[in-house]
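Input: a single structure, listed below in structure tokens.
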Amino acid sequence: MTNRLRLLQLSKLLDVTRLNDADDAGQMVGWLNQQPQLPVAVAAYCVYPHFLPQLSQFVGQRDQPVALATVVNFPDGELPISDVCQQITAALAAGATEIDCVMPYQALLRGEQQFVSEFLADVRRCCGSHCLKIIIESGELITAQQVAKATELAIASGADFVKSSTGKVAIGITEEAARIMLTIIAAADRTVGFKASGGVRTVAQALQLIDLYEQITGLTATSATMRVGASALVMELADALDNK
25 MTNRLRLLQL SKLLDVTRLN DADDAGQMVG WLNQQPQLPV AVAAYCVYPH FLPQLSQFVG
85 QRDQPVALAT VVNFPDGELP ISDVCQQITA ALAAGATEID CVMPYQALLR GEQQFVSEFL
145 ADVRRCCGSH CLKIIIESGE LITAQQVAKA TELAIASGAD FVKSSTGKVA IGITEEAARI
205 MLTIIAAADR TVGFKASGGV RTVAQALQLI DLYEQITGLT ATSATMRVGA SALVMELADA
265 LDNK
């Protein structure tokens, strides 16, 4: 049986995410109002940029400090860098404190490593000191070597976190991809965070990913070093905490 401390640890790692393309302002308000107030603050909420003002108002009404995250170059990772930097600038002006940016992974698949490196370096500069998570879209990378290379490029660019998936392709986070990413992260010469996202639907699955993180890195998972992108499991987590 999972103990309460482990559930509270998971709560602090959550990037509670809503990236439904069909949403309007009313649906976003409805979703925000349905969010349970857990005993401890989640790490962040992640929404599309145009919902940041609503998210900021929602977070301001709660006593718990929570980061405001959004996505850029999303979901395909194919925008020119000038457009991506414009997205970042606008998102930061709208209140975002964390940026989740999709790597141009299709360029990586074509062998264009220099282009990817330069793109990510420009994204890092555009973000300034704000938290930057680079999404490698591991489910679209064909080989273990490509997952490893994408992780290495993200780290080399100065990313604060390497994130597995957008949640918009058929294959999200897998244990194999997580192991590869974490092995590269553990070998880095600085602290780099890991964000598991894409199909993390249950508390049990999220806890397994925390275990994997701690086994491979030898570190305790905190919001500074690990995140779990999720939406559906928040209600399950709230129920589990109510019963502990």
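If you're matching positions, the sequence shown starts at 25 in our numbering and goes up one per residue.
All C-beta atoms in this analysis are idealised placements derived from N, C-alpha and C, irrespective of residue type, glycine included.
Keep in mind that this is a model prediction, so the values were computed, not measured.
Are the stretch 106-118 and the stretch 166-173 touching by the rule of at least three beta carbon pairs closer than 8 angstroms?
Touching, no, given that fewer than three Cβ pairs across the two stretches are closer than 8 angstroms.
Where does LEU253 fall in DSSP's three states?
The residue given as residue 253 occupies position 229 in the sequence shown. Position check: residue 253 holds Gly in this sequence, whereas Leu was assumed. Reduced to three states, the DSSP call for GLY253 is strand.
Would you give the residue range spanned by the beta strand (DSSP E) that ARG42 belongs to?
Within the sequence shown, residue 42 is the residue found at index 18, counting from 1. Here the beta strand (DSSP E) through ARG42 covers 38-42.
Mind checking ASP263: buried by the 16 CB within 10 Å criterion, or exposed?
What you label residue 263 is simply residue 239 of the sequence shown in a count that begins at 1. Classification for ASP263: exposed.
Beta-carbon separation (whole angstroms), PRO63 vs LEU34, contact threshold 8 angstroms:
For the purposes of this step, residue 63 is taken as residue 39 along the sequence shown, with counting starting at 1. For the purposes of this step, residue 34 is taken as residue 10 along the sequence shown, with counting starting at 1. That pair is no contact at about 12 angstroms.
C-alpha distance - CYS70 paired with THR190, whole-angstrom precision
The count along the sequence shown starts at 1 and reaches residue 70 at position 46. The count along the sequence shown starts at 1 and reaches residue 190 at position 166. Rounded to whole angstroms, the separation of the alpha carbons of THR190 and CYS70 is 12 angstroms.
Taking C-alpha atoms, which residue in GLY119, ASP124 and SER188 lies nearest to LEU79?
Taking the sequence shown and counting its residues from 1, one reaches residue 79 at position 55. Taking LEU79 as reference, the option from GLY119, ASP124 and SER188 with the minimal CA-CA separation is GLY119.
Cβ neighbours of PRO77 in the same chain (closer than 8 angstroms, five flanking residues each side left out):
Counted from its first residue, the sequence shown places residue 77 at position 53. Contacts found: ALA118 and GLY119.
According to DSSP, is LEU243 helix, strand or coil?
Residue numbering aside, residue 243 sits at position 219 when the sequence shown is read from its first letter. Residue state, collapsed to three classes: coil.
Exposed or buried, which one is ILE208 when buried takes at least 16 other CB atoms within 10 Å?
As a position in the sequence shown, residue 208 is number 184, starting the count at 1. Buried, because 16 or more other Cβ atoms sit within 10 Å of the Cβ of ILE208.
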